[in-house]
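**Q** Counted the way the numbering used here counts, the sequence shown spans residues 11 to 375.
Even for Gly, the Cβ is constructed at its ideal location relative to N, Cα and C.
I'd like to ask some things about the structure below.
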Amino acid sequence: MTEVLLKELTNSDIDWMLAIGSREEVAAGTVLIRQGQPVNALYVLLDGAMSVLIAQADQNPLGRAFSILEGGEMTGREITRLSSGEMLGEIPFLKSYLPSTTIKALKKSLVLSIPQQQLAQKLQQDVSFAAHLYRASAILLAKRVEQIFSQLGHSTVVLSQPQLREILFVFAELRDSDIDWLVAVGNVDRIAAGTVLIQGNRPIEALYIVLDGKVALRATDDDRSPLERAFSSLEGSDTPEREFARLSRGDIIGETPFVEAPPPSVTFKALEDSIVLSIPRSRLAAKLLNDVGFAARFYRVLAVLLADKQQAIVSRLGYGRVSYSKDQSLDENSQYGNELSSDFLAQVVLAGARFDWMLKRIRLH
């Protein structure tokens with residue numbers, strides 16, 4: 011992972027991080043980030059190794075609290091490991107997020123700790139730095155999610171749904187000028203039910219925004235190599251496919267090429283007659299290179315959606331943040347995973363208005 015940061019960050023980016031951050035040694039067995047607890051810094055793992063754990067589902071929250079107070083450590087299931095070059099802290103620049111996992115040092119490690127407050131200010135003031143860091147974060151998160159998928163398998167996360175609806179976040183983060191550009195360069199495509207939008211293991215040639223209809227994500231148990239599957243005949247294949255998720259109005263498809271991830275192993279197929287806005291990959295890639303403001307907003311969206319996907323996997327496994335249930339007494343001192351803030355509700359209104367405006371622009375209404 012070391013090459014990701016060295017490739018994406020500039021000398022001035024690294025110099026600022028060194029000036030603001032502090033190098034800290036972490037002893038083997040030390041918990042750097044605890045599941046469900048606020049993160050006050052972004053950590054760059056300079057040397058060593060970390061384990062990513064999720065708390066056991068059968069542990070009572072009160073029991074976990076007493077374990078922490080008494081100096082004990084929670085046992086957990088390891089879902090992946092992190093090496094030199096990783097950024098830790100999930101999305102420390104998004105205040106509403108709490109870590110969905112615990113990160114623990116496997117051996118003596120060295121991290122660069124960057125305070126969240128200074129980082130947030132830098133991201134707001136320096137759009138070039140923001141574009142570089144958000145892109146690096148998105149690439150690292152994409153690799154981490156893929157590692158978790160590889161270890162757990164698609165069957166483990168059947169029908170897992172992210173906590174954020176993509177439409178609510180994407181259209182709240184992008185500016186009106188960004189949406190204008192997407193509409194100007196995109197094509198409105200009508201997709202018949204049963205049509206394959208993206209074939210698993212094949213190159214992706216466009217970014218799609220679902221305007222209407224439903225799209226299913228399907229995976230197979232084919233144990234052939236990705237290259238062999240990509241070059242095999244698609245006609246008459248008798249390998250059964252299993253649906254494990256569905257996408258609908260406002261969701262985006264085909265973002266993996268922009269975070270340097272390999273083509274997805276899953277197939278995207280229209281469940282019903284659908285309408286999508288198709289943005290050519292080459293046009294979007296050029297826009298990201300030439301418009302640093304757009305790049306910062308686009309990669310921030312991808313980073314948050316990937317972090318949300320990781321949290322959805324953890325929640326699907328039966329672990330995760332404390333959630334409020336119907337008829338449950340609220341604790342004023344607790345923060346619930348499914349609690350809606352006033353800022354979030356304002357984003358919902360803004361995102362819905364922008365999406366409807368985009369639909370009118372492309373004359374679907």
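(1) Taking the alpha-carbon positions, what's the Leu150 to Ser32 distance?
(2) Between which two residues does the beta strand (DSSP E) harbouring Leu257 extend?
(3) Pull up the distance between the alpha-carbon of Arg310 and that of Ala141, whole angstroms please.
(4) Tell me the rounded alpha-carbon separation between Ser110 and Val324.
(5) Counting along the chain, where does the beta strand (DSSP E) carrying Ser110 start and finish?
(6) Excluding sequence positions up to five away, which residues of its chain have a Cβ less than 7 Å from the Cβ of Ile43?
(7) Taking just the CA atoms, how far does Gln45 sit from Arg331?
(8) Should Asn211 be labelled buried (16 or more other beta-carbon atoms within 10 Å of its own) or exposed?
(9) Grouping DSSP H, G and I as helix and E and B as strand, with all else coil, what is Ser235?
(10) Over the uninterrupted alpha helix (DSSP H) stretch that includes Ser292, give me the two end residues.
(11) Below 8 Å on the Cβ atoms is my guess for Val198 versus Ile285; work out the distance and round it to an integer in Å.
(12) Just the C-alpha distance for Ala51 and Leu122, rounded to the nearest angstrom, thanks.
(13) Please return the same chain residues whose Cβ sits closer than 7 Å to the Cβ of Val14, not counting the five positions on each side in sequence.
(14) Should Gly260 be labelled buried (16 or more other beta-carbon atoms within 10 Å of its own) or exposed?
(15) Can you name, in chain order, every residue of its own chain whose Cβ lies under 6 Å from the Cβ of Arg87, other than the five neighbours on each side?
(16) If you draw a straight line from the C-alpha of Trp191 to the C-alpha of Ala361, how long is it?
(17) Among Met368, Asp231 and Phe241, which one has its Cα closest to the Cα of Pro213?
(18) Mind checking whether Arg307 and Leu143 have CB atoms under 8 Å apart?
(19) Taking only three categories from DSSP, how would you classify Ser275?
(20) How big is the Cα-Cα spacing for Arg293 and Met368?
(21) What's the C-alpha gap between Asp231 and Asp23?
**A** Straight from the coordinates:
(1) 22 Å
(2) Glu251 to Ser258
(3) 8 Å
(4) 7 Å
(5) Taken as a continuous stretch (DSSP letters only), Ser110 belongs to no beta strand (DSSP E), as it is neither H nor E.
(6) Val49, Leu98, Gly99, Pro109, Thr112 and Ile113
(7) For Arg331, the predicted model reports a pLDDT of 44, less than 50, meaning its position is unreliable; a value from the coordinates is still stated below. Going from the Cα of Arg331 to the Cα of Gln45 covers about 8 Å.
(8) buried
(9) coil
(10) Arg291 to Asn300
(11) 7 Å
(12) 10 Å
(13) Gly95, Ala146, Ile149 and Leu150
(14) buried
(15) Ile64
(16) 17 Å
(17) Phe241
(18) no
(19) coil
(20) 19 Å
(21) 43 Å
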